[in-house]
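Participant:
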Amino acid sequence: MMANPNIGPFALEPNEKRRTPMRALVIDDSRAMRSILRGILASIDFEVIEAADGRQAIDILSTDHDFNIALVDWNLPITSGLQVVTEIRRDPHLAGLPLLMVTTETEFERVAQALQAGADEYIMKPFDREMLLDKLAILGIPVEAAKA
Amino acid sequence: MNREIPRVRLPEPISAADFDYVRSLVREKTAVALDETKVYLVNARLLPIARNAGIRSVVDLIRHLRSHPLGELHTQAVEAIVTTETSFFRDFIPFEALRQEVIPEIMEGRTGSDRSLTIWSAGCSSGQEPYSIAMMLRESFPELSTWRTRLFASDVSKGMLERSKSGTYSQTEVNRGLPARMMVKYFRQQGSTWRINREIRDMVSFIHHNLARDILSLPPVDILAMRNVLIYFDVETKRMVLDRIRRHLKPGGFLMLGTAETTLNLDERFQRVRVGRAVFYRAMTAEAR
Numbered sequence: 015m016m017a018n019p020n021i022g023p024f025a026l027e028p029n030e031k032r033r034t035p036m037r038a039l040v041i042d043d044s045r046a047m048r049s050i051l052r053g054i055l056a057s058i059d060f061e062v063i064e065a066a067d068g069r070q071a072i073d074i075l076s077t078d079h080d081f082n083i084a085l086v087d088w089n090l091p092i093t094s095g096l097q098v099v100t101e102i103r104r105d106p107h108l109a110g111l112p113l114l115m116v117t118t119e120t121e122f123e124r125v126a127q128a129l130q131a132g133a134d135e136y137i138m139k140p141f142d143r144e145m146l147l148d149k150l151a152i153l154g155i156p157v158e159a160a161k162a
Numbered sequence: 002m003n004r005e006i007p008r009v010r011l012p013e014p015i016s017a018a019d020f021d022y023v024r025s026l027v028r029e030k031t032a033v034a035l036d037e038t039k040v041y042l043v044n045a046r047l048l049p050i051a052r053n054a055g056i057r058s059v060v061d062l063i064r065h066l067r068s069h070p071l072g073e074l075h076t077q078a079v080e081a082i083v084t085t086e087t088s089f090f091r092d093f094i095p096f097e098a099l100r101q102e103v104i105p106e107i108m109e110g111r112t113g114s115d116r117s118l119t120i121w122s123a124g125c126s127s128g129q130e131p132y133s134i135a136m137m138l139r140e141s142f143p144e145l146s147t148w149r150t151r152l153f154a155s156d157v158s159k160g161m162l163e164r165s166k167s168g169t170y171s172q173t174e175v176n177r178g179l180p181a182r183m184m185v186k187y188f189r190q191q192g193s194t195w196r197i198n199r200e201i202r203d204m205v206s207f208i209h210h211n212l213a214r215d216i217l218s219l220p221p222v223d224i225l226a227m228r229n230v231l232i233y234f235d236v237e238t239k240r241m242v243l244d245r246i247r248r249h250l251k252p253g254g255f256l257m258l259g260t261a262e263t264t265l266n267l268d269e270r271f272q273r274v275r276v277g278r279a280v281f282y283r284a285m286t287a288e289a290r
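Heads up: the protein sequence lines correspond to chains A and B, in order. Quick note, the first sequence lines up with residues 15 to 162 if you use our numbering. Quick note, the second sequence lines up with residues 2 to 290 if you use our numbering.
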């Protein structure tokens, strides 16, 4: 399934699914990485829910669709990040959920594969706060105030 | 027991005289004005130059520069100091305004045989800005393939121009601001670096140019991006540069500046206009003034 065409810097309309506070699902098996992502997202007023593996993420998303973004690591125990992306894109309730892969996978083919599976954006580790905020901006999430 | 504390040798600080020398050198070559707060910058930028040249410290490098006639090392030092950091689609908003309003407006105004679009990215540093514009044109305006589209990019640093021409970027650079979809579409991975495709590279003509010194022969320009360049000049040089670049713009042409920059109180022959969430400065026609 294709990614949501209505997001990104070249979308006709900005992502309209905004509410206060915005909510993010962070899916990463590393507690340290979840904590870094939580810190950055919290600084731009996100409420952050964490999942330590793919299965847990799918479980959360089966009952709670109210997220503005999901950040998905590639190498996850039980269910891989790529499978998580594929499953999310199969669920019509989650069709508009922006998906950002956050991963140590830096091969061209991997990036292409993730986008093909339905990820909207891709950030390679290591990254800094500015890079992550830029990726969120690409996904139509307002971050200018935080960057200023 | 008396243990000797290992002594850490701190680098010798740059003296006022040495800094003045660097400041005059940079000013003479580029018109960039460095104030006293830039000592840290001089230090940080010159350290790799010193190391590459096998010179022990920044202070020794400056002494070497002072005691030798102008040469390659002086050029390298100046270029390292004036190089600015940039990124793909930096700040996003100006690019959105270009894509959604500015370029469509220019294109609608062109009829018959006058189907040309000329864009100049001045002070392009490592090239992300002109390549971002090139990708945007390719992505959003396929009809331009039948137009005469010219995209120029200039910089004062020959080293940066060579880098820009090669279109090769580190993982960190492609990770910053570049939409992944564009990365996959327009880049190829070469080991640990990413190289922009020839198709996009060939859209940009790179020119060595010093904004404050050189006269440049260019066709009249529709859009001139000169972002985060003016901030490095003193008021007098800002005025001179604005006056020069205005002559390159078509009447009504669009100037893009950095977010901290303006033409206000410097050159009244530009009109500040808001386009979407971005600000542009339009070259006024003689009648409008």
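The beta-carbon is built from N, C-alpha and C at its ideal position, and this holds for glycine as well. Just so it is clear, the structure is predicted and the values come from calculations on it, not from any experiment.
Excluding the five sequence neighbours on either side, which residues of its own chain have a C-beta within less than 7 Å of the C-beta of Ser-133/B, listed in chain order?
Facilitator: Counting only Cβ-Cβ distances below 7 Å, and skipping sequence neighbours, we find Phe-89, Phe-90 and Phe-96.
Participant: Please state whether DSSP places Ser-167/B in a helix, a strand or coil.
Facilitator: Of the three classes helix, strand and coil, the one that applies to Ser-167/B here is helix, per DSSP.
Participant: Is there a C-beta anywhere in chain A that falls below 8 Å from the one on Arg-177/B?
Facilitator: It does; some Cβ of chain A falls within 8 Å.
Participant: Shortest alpha-carbon distance to Leu-39/A belongs to which of Asp-67/A, Ile-58/A, Met-47/A and Ile-63/A?
Facilitator: Ranking the options by Cα distance to Leu-39/A, first place goes to Ile-63/A.
Participant: If we cut at 8 Å on Cβ distances, does Asp-42/A have a partner in chain B?
Facilitator: No, Asp-42/A lies away from the interface with chain B (no Cβ there is under 8 Å from its Cβ).
Participant: My output table needs one value for Arg-15/B: the three-state DSSP class, helix, strand or coil.
Facilitator: Inspection of the sequence shows that residue 15/B is occupied by Ile rather than by Arg. Of the three classes helix, strand and coil, the one that applies to Ile-15/B here is coil, per DSSP.
Participant: With respect to the beta strand (DSSP E) encompassing Gln-191/B, which residues constitute its N-terminal and C-terminal limits?
Facilitator: Element bounds for Gln-191/B: 188-191.
Participant: Measure the alpha-carbon distance for Ala-25/A versus Asp-105/A and round it to whole angstroms.
Facilitator: Legend: pLDDT at Ala-25/A = 47, less than 50; position of this residue unreliable, value from coordinates given subsequently. Answer to the nearest angstrom: the Cα atoms are 23 Å apart.
Participant: Look at Met-204/B and Leu-162/B and say whether their C-beta atoms are less than 8 Å apart.
Facilitator: Contact: no.
Participant: Could you check what DSSP says for Gly-154/A in three-state terms: helix, strand or coil?
Facilitator: Correct three-state label for Gly-154/A: coil.
Participant: By Cβ distance below 7 Å, which residues in the same chain neighbour Ser-126/B in space, the five residues on each side in sequence not counted?
Facilitator: Answer for Ser-126/B: Thr-84, Thr-85, Thr-87, Asp-156 and Met-161, listed in chain order.
Participant: I'd like to know if the region 37-55 of chain A and the region 81-92 of chain A are in contact, where contact means that at least 3 CB-CB pairs between them fall below 8 Å.
Facilitator: A contact exists between the region 37-55 of chain A and the region 81-92 of chain A.
Participant: Using the Cα positions of Asp-21/B and His-65/B, report the straight-line distance between them to the nearest angstrom.
Facilitator: So the two alpha carbons sit approximately 15 Å from each other.
Participant: Give the secondary structure of Leu-26/A by DSSP, where H, G and I count as helix, E and B as strand, and everything else as coil.
Facilitator: With a pLDDT of 40 at Leu-26/A, under the threshold of 50, the predicted position of this residue should be treated as unreliable, and no value is reported.
Participant: Which first and last residues belong to the beta strand (DSSP E) in which Pro-95/B is found?
Facilitator: Element bounds for Pro-95/B: not the beta strand (DSSP E) but the alpha helix (DSSP H), 94-98.
Participant: If you measure from the beta carbon of Ala-126/A to each beta carbon in chain B, is any gap under 8 Å?
Facilitator: Yes, Ala-126/A lies at the interface with chain B (some Cβ there is under 8 Å from its Cβ).
Participant: Is Ala-123/B closer than 8 Å to Ala-226/B when the C-beta atoms are compared?
Facilitator: Yes, Cβ-Cβ distance for Ala-226/B and Ala-123/B is below 8 Å.
Participant: Counting only C-beta atoms, is Val-185/B closer than 8 Å to chain A at any point?
Facilitator: Yes, contact with chain A.
Participant: For the beta strand (DSSP E) containing Leu-114/A, name the first residue and the last one.
Facilitator: Looking at the DSSP string, the run of the beta strand (DSSP E) that includes Leu-114/A is 113-117.
Participant: Per DSSP, which residues does Leu-85/A bridge with? Please list them.
Facilitator: According to DSSP, which records beta bridges pairwise, Leu-85/A is partnered with Val-40/A and Leu-114/A.
Participant: Please confirm whether Val-185/B and Ala-126/A have their CB atoms less than 8 Å apart.
Facilitator: The answer is yes: Cβ separation under 8 Å.
Participant: On the premise that Leu-114/A lies in contact with Asp-134/A, defined as a C-beta separation below 8 Å, what is that separation, rounded to the nearest angstrom?
Facilitator: Right, the Cβ-Cβ distance comes to about 7 Å (below 8 Å), so this counts as a contact.
Participant: Applying the 10 Å Cβ sphere with the 16-neighbour rule, what's the burial state of Val-27/B?
Facilitator: Counting Cβ neighbours within 10 Å, Val-27/B comes out buried, since at least 16 surround it.
Participant: My guess is that Glu-13/B and Ser-58/B are in contact by the Cβ rule of under 8 Å, so how many angstroms apart are they, rounded?
Facilitator: With a Cβ gap of about 6 Å, Glu-13/B and Ser-58/B count as contacting.
Participant: Please check if any C-beta of chain B sits within less than 8 Å of the C-beta of Ala-151/A.
Facilitator: Chain B contact via Cβ: present.
Participant: Do Val-99/A and Ile-72/A have their C-beta atoms closer together than 8 Å?
Facilitator: No, Cβ-Cβ distance for Val-99/A and Ile-72/A is not below 8 Å.
Participant: If you reduce the DSSP assignment to three classes, tell me which class Lys-251/B lands in.
Facilitator: Lys-251/B falls in the strand class under three-state DSSP.
Participant: I need the DSSP call for Glu-61/A, collapsed to helix, strand or coil.
Facilitator: The answer is strand: DSSP assigns Glu-61/A an E or B state.
Participant: Can the beta-carbon of Gln-172/B be found closer than 8 Å to that of Met-138/A?
Facilitator: Yes, the pair counts as a contact, with Cβ atoms nearer than the cut-off.
Participant: Are the CB atoms of Leu-267/B and Tyr-282/B within a distance shorter than 8 Å?
Facilitator: No, Cβ-Cβ distance for Tyr-282/B and Leu-267/B is not below 8 Å.
Participant: State yes or no: is the beta carbon of Asp-87/A nearer than 8 Å to at least one beta carbon in chain B?
Facilitator: By this cut-off, Asp-87/A is not an interface position.
Participant: Which bits of chain B does Phe-122/A rub up against, with CB to CB less than 9 Å?
Facilitator: Going along chain B in sequence order, the residues near Phe-122/A (Cβ under 9 Å) are Met-184, Val-185, Phe-188, Arg-189, Gln-190 and Trp-195.
Participant: Which first and last residues belong to the alpha helix (DSSP H) in which Met-108/B is found?
Facilitator: Start and end: 104-109.
Participant: Quick one: list the residues of chain A neighbouring Gln-172/B, beta-carbon separation under 8 Å, in chain order.
Facilitator: Those within 8 Å of Gln-172/B in chain A are Thr-120 and Met-138.
Participant: Establish whether the CB of Pro-129/A and some CB of chain B are separated by less than 8 Å.
Facilitator: Inspection of the sequence shows that residue 129/A is occupied by Leu rather than by Pro. So, interface residue.
Participant: If you draw a straight line from the C-alpha of Met-47/A to the C-alpha of Tyr-187/B, how long is it?
Facilitator: C-alpha separation (whole angstroms): 30 Å.
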